[in-house]
Each structure stands twice: as structure tokens, then as C-alpha cells.
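Heads up, the thing below is written out as C-alpha cells.
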Amino acid sequence: MAMPLGETLPPDSYKRARKHIADGLSSIDSSSSDELKVIELEENCKDGSTIHVEAKVKFLRNEKGWPIGVIGITRDITARKKAEEEREHLIVELRRALEQIKRLSGLLPICASCKKIRADDGYWQDVAVYIQKHSEADLSHGICPDCLDYLYPKFRKRNAGNA
Numbered sequence: 058m059a060m061p062l063g064e065t066l067p068p069d070s071y072k073r074a075r076k077h078i079a080d081g082l083s084s085i086d087s088s089s090s091d092e093l094k095v096i097e098l099e100e101n102c103k104d105g106s107t108i109h110v111e112a113k114v115k116f117l118r119n120e121k122g123w124p125i126g127v128i129g130i131t132r133d134i135t136a137r138k139k140a141e142e143e144r145e146h147l148i149v150e151l152r153r154a155l156e157q158i159k160r161l162s163g164l165l166p167i168c169a170s171c172k173k174i175r176a177d178d179g180y181w182q183d184v185a186v187y188i189q190k191h192s193e194a195d196l197s198h199g200i201c202p203d204c205l206d207y208l209y210p211k212f213r214k215r216n217a218g219n220a
């Protein structure tokens, strides 16, 4: 059943629909004016709520080819719009989560002598400082056996007899 646009569409959608019609009428001599247009709008329901619809519309013409109306069909795309909004929300959440994740990857330039790492800003940092800034790792410190022998040679000799 045909109803006037102003009764079926909320004000914003009504303005957009009127603009599409006006744009179509302004290009009346072009062949593109006979194309089927797809417009997403909101539509009023009997209960006062609104739904998202996809309208496929085309000019209705008289025998001389003059536009005398608009004919079209609409379908409810509320579920699709809701899914799109949820998708956008999830993308925002994922981007936030990625910003929170710190991970090391790629090639890390490390000094062969002092073992400092060159950061993105070009400054050299202690390995422990760099790792703490660029990862979620917690570091604990100890001394490996080779360094123990080098730094504390008497300690190793003294404890060798206790083994």
C-alpha cells in the first residue's frame, strides 16, 4: 500500500530520500536516471519504533518518459545494521587490546661488546630496561656459572671442595 514518504520516514531519512529524488530529477536527460538506486534509510513502524531498511527505488514514468512517481521496495536490514555496529565495536576493542599488548619482534640491534640494545629512538639501552619497556616480561637477576667464575673466582674454588 502506497503511503507518502513523510508519513513513513523519520525526518532525517525523509530529507535524504528527498535529496536522492531531487538528484535523480536533476539528471533526467541522462541514462543514469533510469537506474535502480539503493538507499539505506530508517522507517517508522506502527508501534512508534524505527527500523533500518534498504530501499531499492526507480522512477515511474509515463508513456512520454516523464517521471511521474517513484516505485520501489524496501527490506528490513535492522539485523544487518546491528551486526555491522557490533563488528565496528569489536574492531575498536581489538585495536585497544593490540595497543595494550607489548611484544618483541623483528631484528633487535644489540651491541656485541656491552650488550645494550639500540631502541627505535636511536639511543642505546640496557637489555633489561629495553625488555621491560617493550614486553610484559618480568625479569629476575642471577649470575650464570661462567660469569660467577670470572667475577668471583675464589667463590667457585672455595665451594669446589664442598661438592
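One rule links them: number in the working numbering = place in the sequence shown (from 1) + 57.
The C-beta atom is built at its ideal place from N, Cα and C for all residues, glycine as well.
Item to check | CA-to-CA distance, residue 211 to residue 204, given in whole angstroms | outcome: Residue numbering aside, residue 204 sits at position 147 when the sequence shown is read from its first letter. Residue numbering aside, residue 211 sits at position 154 when the sequence shown is read from its first letter. Each residue's alpha carbon lies about 13 Å from the other.
Checklist entry - Between 191, 75, 109, which lies nearest to residue 140 when the distance is taken from Cα to Cα? => result Residue numbering aside, residue 140 sits at position 83 when the sequence shown is read from its first letter. Ranking 191, 75, 109 by Cα distance to residue 140 puts 109 first.
Checklist entry - Between the region 165-172 and the region 126-145, do three or more beta carbon pairs fall short of 8 Å? => result The answer is no - the region 126-145 does not touch the region 165-172, with fewer than three Cβ pairs under 8 Å.
Next on the checklist: Considering only DSSP beta bridges, list what residue 115 is partnered with.
Outcome noted: As a working note, residue 115 is residue 58 in the sequence shown. 128, per the DSSP bridge assignment.
Next on the checklist: Output needed for residue 126: all residues of its chain with C-beta closer than 6 Å, excluding positions within five of it in sequence on either side, in chain order.
Outcome noted: Residue mapping note: residue 126 aligns to position 69 of the sequence shown, counting from 1. Excluding residues within five positions, the ones whose Cβ falls inside 6 Å are 117.
Next on the checklist: Within 9 Å of any Cβ in chain E, is that where the Cβ of residue 136 sits?
Outcome noted: Of the chains in the structure shown, none is chain E; there is only one protein chain.
Next on the checklist: DSSP has residue 133 in a bridge; who is on the other side?
Outcome noted: Indexing the sequence shown from 1 puts residue 133 at position 76. Paired residues: 110.
Checklist entry - Identify the residues that DSSP records as bridge partners of residue 98: which are they? => result Numbered from 1 along the sequence shown, position 41 holds the residue referred to as residue 98. Answer is 110.
Next on the checklist: Taking its Cβ as the centre, do 16 or more other Cβ atoms sit within 10 Å of residue 98, making it buried, or is it exposed?
Outcome noted: Position 41 of the sequence shown, counted from the first residue, corresponds to residue 98. That one is buried.
Item to check | Alpha-carbon spacing of residue 128 relative to residue 75, whole angstroms | outcome: Counting from 1 along the sequence shown, the entry for residue 128 is found at position 71. Counting from 1 along the sequence shown, the entry for residue 75 is found at position 18. Using only the alpha carbons, I get a separation of about 14 Å.
Next on the checklist: What does the Cβ neighbour count give for residue 66, buried or exposed, with the cut at 16 atoms within 10 Å?
Outcome noted: In the sequence shown, residue 66 corresponds to position 9, counting from 1. Residue 66 comes out buried.
Next on the checklist: As a quick exercise: from 181, 161, 176, pick the residue whose alpha carbon is nearest that of residue 170.
Outcome noted: Sequence index remark: in the sequence shown, residue 170 carries index 113 (1-based). Measuring from the Cα of residue 170, the nearest candidate turns out to be 181.
Next on the checklist: Could you tell me the alpha carbon to alpha carbon distance between residue 174 and residue 189, rounded to whole angstroms?
Outcome noted: Position 117 of the sequence shown, counting from 1, holds the residue named residue 174. Position 132 of the sequence shown, counting from 1, holds the residue named residue 189. About 12 Å.
Checklist entry - By the 10 Å Cβ neighbour count, where 16 or more other Cβ atoms means buried, how is residue 81 classified, buried or exposed? => result Within the sequence shown, the letter at position 24 stands for residue 81. Buried: at least 16 other Cβ atoms inside 10 Å.
Checklist entry - Which residues share a DSSP beta bridge with residue 123? => result To locate residue 123, count along the sequence shown from 1; it is residue 66. DSSP lists no partner for residue 123.
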